[in-house]
Amino acid sequence: MPPVSLSNTPSANRTHIGFFGKRNAGKSSLVNAVTGQNVAIVSDVKGTTTDPVLRPMELLPLGPVVVIDTAGIDDEGELGALRVKRTHRVLNKTDVAVLVVDATEGLSIHDREMIDRFRVKSIPYIVAYNKTDLLAPLASTLPVSQAPTDSRANMSPPASNRSSGPYEIWVSAKTGINIDALKELIARRARRDTPSRPIVSDLVSPLDLVVLVVPIDEGSPKGRLILPQQQTIRELLETGAVSVVVKDSELGDALPCLAKKPRLVITDSRVFSNVAAVVPENIYLTSFSILFARHKGYLEQLAEGAFVLESLEEGARVLISEGCTHHRQCNDIGTVKLPGWIKAYTAKNTKGNLKFEFTSGGDFPEDLSPYSLIVHCGGCMLTEREVRYRQACAKDQKVPMTNYGMVIAHMNGILERSLAVFRKPRS
Ligand code: SF4
Numbered sequence: 021m022p023p024v025s026l027s028n029t030p031s032a033n034r035t036h037i038g039f040f041g042k043r044n045a046g047k048s049s050l051v052n053a054v055t056g057q058n059v060a061i062v063s064d065v066k067g068t069t070t071d072p073v074l075r076p077m078e079l080l081p082l083g084p085v086v087v088i089d090t091a092g093i094d095d096e097g098e099l100g101a102l103r104v105k106r107t108h109r110v111l112n113k114t115d116v117a118v119l120v121v122d123a124t125e126g127l128s129i130h131d132r133e134m135i136d137r138f139r140v141k142s143i144p145y146i147v148a149y150n151k152t153d154l155l156a157p158l159a160s161t162l163p164v165s166q167a168p169t170d171s172r173a174n175m176s177p178p179a180s181n182r183s184s185g186p187y188e189i190w191v192s193a194k195t196g197i198n199i200d201a202l203k204e205l206i207a208r209r210a211r212r213d214t215p216s217r218p219i220v221s222d223l224v225s226p227l228d229l230v231v232l233v234v235p236i237d238e239g240s241p242k243g244r245l246i247l248p249q250q251q252t253i254r255e256l257l258e259t260g261a262v263s264v265v266v267k268d269s270e271l272g273d274a275l276p277c278l279a280k281k282p283r284l285v286i287t288d289s290r291v292f293s294n295v296a297a298v299v300p301e302n303i304y305l306t307s308f309s310i311l312f313a314r315h316k317g318y319l320e321q322l323a324e325g326a327f328v329l330e331s332l333e334e335g336a337r338v339l340i341s342e343g344c345t346h347h348r349q350c351n352d353i354g355t356v357k358l359p360g361w362i363k364a365y366t367a368k369n370t371k372g373n374l375k376f377e378f379t380s381g382g383d384f385p386e387d388l389s390p391y392s393l394i395v396h397c398g399g400c401m402l403t404e405r406e407v408r409y410r411q412a413c414a415k416d417q418k419v420p421m422t423n424y425g426m427v428i429a430h431m432n433g434i435l436e437r438s439l440a441v442f443r444k445p446r447s
């Protein structure tokens, strides 16, 4: 099978493998050796790779991956510092990191600092000592088939290398020593079990009644429900709970017709306030986007972000970001309704003078520093890694982030109520 495939696997669903290291540690040579391709520019001139280079490909035994070649972590000067910053940012989208170290030099202070970054961000990593062919004596003479995989046994690295952790391997991009073993090790490190958080199944019991409020208006896609609604209904079905799906316009009439009290009402954020007015206080109420914030692991952080509305100042820039490029309608929630509601809500402090910017799909600005607040959609079309990447970028740059459901609930004074179902034990 060829190492590169033009398969249609979206980038978001591929394992992202980041190669990091000092200039001239042989990162690009190792990327080429691992991928079996000349995907990275190899040069003896220090710092040839200036910006992260992302290459989607098929890499056995892992499958669809994105290989990321990065600039040297020891780059110098003003531009070099910027490149190092970009390299650090790549960590936010990295599933497995390979730190390439020149085996003849051993771990440097830059390498150790990088290992600290991997640990802080909980990124599984491998230290690959490259240029093993230049080491005496055993490593360079062992045939590949006998070479150890992730052990230092039989190798003779500098003594300073001996404290970087258990996932280490001695390789040579030049002679091919241990390249297959490195690929196996990358695959092993990538296959960690990320516990999948439920959307709703832990909040309900079999035969519980759950009412889902789905407005059908000009903002709704024609002829179908959107993914968060489909996924929620699917999970409720798996749990054995009973879903009742109604439009907001029918909710008031539908509730008294139900034979028992619903356990939970889940609404589209667009009609949050109307629904809150109709649903009795003794029934749990939340929104699809709040459920998905919890599902993706960012409930608390996004809830805190909603309170930043209170401190927005005149002229503040607000980024509204959507995870897919759905066809925008007039009165679109992201580009029309939300900005209008936020302007009106913050008018006392901002005099309605806020600058809104919008992104959708895969676009998300690298530099978030101009923004006082990011309001993101539920992100149902984004993978956990992409959501994590966006959250991490915002956190790194100290820009508060919230989502549609949280901000709408907060502006309507029902945020606490919307979160209550997660805090109270199941009755
Ligand atoms: S990715 Fe965002 S905008 Fe697109 S359907 Fe999901 S919640 Fe809506």
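Take 21 as the starting number for the sequence shown in my numbering and just add one per residue. We put the CB at the ideal spot given by N, CA and C, even for glycine.
Residue 329 holds the alpha-carbon nearest to the alpha-carbon of residue 369 among 329, 315, 235, 51.
With a threshold of 8 Å, the Cβ atom of residue 83 does not count as near the ligand SF4, since no heavy atom of the ligand is closer than that. Of the candidates 286, 93, 86, 379, 286 places its Cα closest to the Cα of residue 262. In this structure the region 234 to 246 does not touch the region 201 to 211; the number of beta carbon pairs closer than 8 Å is below three. Looking from the CA of residue 275, the closest CA among 259, 303, 248, 290 belongs to 303. Taken from the Cβ of residue 342, at least one heavy atom of the ligand SF4 lies inside 8 Å. With a cut-off of 8 Å, the C-beta of residue 394 is classified as distant from the ligand SF4, since no heavy atom of the ligand falls inside that distance. Rounded to whole angstroms, the gap between the alpha carbons of residue 133 and residue 90 is 16 Å. Residue 318 has its alpha-carbon roughly 27 Å from the corresponding atom of residue 118.
In this structure, residue 256 sits near residue 220, with a CB-CB distance shorter than 9 Å. Runs of beta strand (DSSP E) with 3 or more residues, each lying fully within the region 222 to 305, are found at 229 to 233, 262 to 266, 284 to 287, listed in chain order.
Selection 36, 428, 295, 266 evaluated against residue 110 yields 36 as nearest (Cα-Cα). The beta carbon of residue 389 sits no closer than 8 Å to any heavy atom of the ligand SF4. The three-state secondary structure of residue 192, taken from DSSP, is coil.
If you look at residue 52, you'll find it in the alpha helix (DSSP H) that goes 47 to 55. Spatial neighbours of residue 402 in its own chain (CB-CB distance under 6 Å, excluding positions within 5 residues in sequence) are listed in chain order as 343. A direct Cα-to-Cα measurement between residue 418 and residue 231 gives close to 37 Å. By DSSP's assignment, residue 341 forms a beta bridge with 379, 396. Taken from the Cβ of residue 401, at least one heavy atom of the ligand SF4 lies inside 8 Å.
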